[in-house]
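To start, the structure under review is shown below, and the notes come after it.
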Amino acid sequence: MYSPPTDLADQQRMHRAFVQAARTLNTTVVGPEVWGWYGRTLSSRVRHPDRGVCWLRLLSAPEDKAAGKIWQGNGQAAELFDRHVRKPLLYDTSDTSSDGHAYRAELHQYVTEPAVSPSPVLHTDPHPPLSWWDSLRADLDYVSRVPTDRVAVRQEWVDRSVPRFLGIPGPRITDWTTAHGDLHTANLTNTTPYLLDWEGFGRAPAGYDAAMLLAYSLLVPGFLQRVRDAFPVLKTEPGRVAQIIVITELLQSASRGDHPELVPTLRTLGAELA
Numbered sequence: 110m111y112s113p114p115t116d117l118a119d120q121q122r123m124h125r126a127f128v129q130a131a132r133t134l135n136t137t138v139v140g141p142e143v144w145g146w147y148g149r150t151l152s153s154r155v156r157h158p159d160r161g162v163c164w165l166r167l168l169s170a171p172e173d174k175a176a177g178k179i180w181q182g183n184g185q186a187a188e189l190f191d192r193h194v195r196k197p198l199l200y201d202t203s204d205t206s207s208d209g210h211a212y213r214a215e216l217h218q219y220v221t222e223p224a225v226s227p228s229p230v231l232h233t234d235p236h237p238p239l240s241w242w243d244s245l246r247a248d249l250d251y252v253s254r255v256p257t258d259r260v261a262v263r264q265e266w267v268d269r270s271v272p273r274f275l276g277i278p279g280p281r282i283t284d285w286t287t288a289h290g291d292l293h294t295a296n297l298t299n300t301t302p303y304l305l306d307w308e309g310f311g312r313a314p315a316g317y318d319a320a321m322l323l324a325y326s327l328l329v330p331g332f333l334q335r336v337r338d339a340f341p342v343l344k345t346e347p348g349r350v351a352q353i354i355v356i357t358e359l360l361q362s363a364s365r366g367d368h369p370e371l372v373p374t375l376r377t378l379g380a381e382l383a
């Protein structure tokens, strides 16, 4: 899933665009390449003459799809949250297109702390200190109170998908807040923590971020319990609704081949919440 495109021509196309982006943003590549979800992004450490070591991320999409929530997410998140929560700063961007593909290059602050886990599904307990939880809770609380017209979850999708994957009616979302939108331990660093990858932020059910972190942590009981302890919203009715929605999202992803190891525990939790 975090891998190069399966088509060699797409890999070569992304490499060419990345070299051009590094040149455009006046940087020199100094680190190994890191591919994103199914090769949709390509990133690396780079050096900038004024800012030092940075992180360069290149996002690609067909020209007719280079818009909307995912395309604009990191830029809009920077406007709302940079220097207010613990996230890498966005320094600069560059947009280009070639041969029917659009590219957005983003020059970010480089964070030296590693992510808690290499993939969204947590497999071993990282035992973060209480200060880690306090910082995360404070940042998510700030995010939840920032107005935005971006949408991370739609009621129409809930009404359609929950019956399909859980066999129960889709719950009505009554409490809405702003959410990071993709909160798991691969998007959290292990010390501060910094919150990474903001491209999916938007309006979501109250407790959505906590529910997402919980669902991706179902295989590690100790960490799972600390998620529940850190986020009391999970024990409320809005929190129950958020968990049902997240479980449905991950079951839908699993039906496409993503993280099948989570399916049994997702179904067990879904039955408990129904």
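Each number in the numbering used here corresponds to the 1-based position in the sequence shown with 109 added.
Each residue gets a CB set at the ideal place from its N, CA and C atoms; glycine is no exception.
- Judged by their CB atoms, L304 and K196 are nearer to each other than the 9 Å cut-off.
- In the structure shown, L216 adopts extended strand secondary structure according to DSSP, grouped into three states.
- For W146, no alpha helix (DSSP H) encloses it, and the DSSP letter there is neither H nor E.
- D234 is classed as exposed because its beta carbon has fewer than 16 other beta carbons within 10 Å across all chains shown.
- Sorting E346, S270 and T221 by C-alpha distance to the C-alpha of N299 places T221 at the top.
- Close CB contacts of T202 within its chain, under the 8 Å cut and outside five residues either way in sequence, are with G184, R213, A214, E215 and L216 (chain order).
- By the 16-neighbour rule on beta-carbons within 10 angstroms, D318 is buried.
- Annotated as distal: I179 and E265, with beta-carbon spacing of 9 Å or more.
- Annotation: A320 to S112 spans about 26 Å, alpha carbon to alpha carbon.
- Following the DSSP letters along the chain, one finds R281 in no beta strand (DSSP E), marked with neither H nor E.
- With a contact defined as Cβ atoms closer than 8 Å, A211 and A175 qualify at about 3 Å.
- One thing to note: F310 has its Cβ no nearer than 9 Å to the Cβ of R254.
- For the 9 Å CB-CB criterion, T133 and V155 do not form a contact.
- With a threshold of 16 other beta carbon atoms within 10 Å, P227 falls short and is exposed.
- Apart from the 5 residues on each side of it in sequence, D284 sits with its Cβ closer than 6 Å to the Cβ of A315 and P347 in its chain, given in chain order.
- G161 sits in a strand when the DSSP states are folded into three classes.
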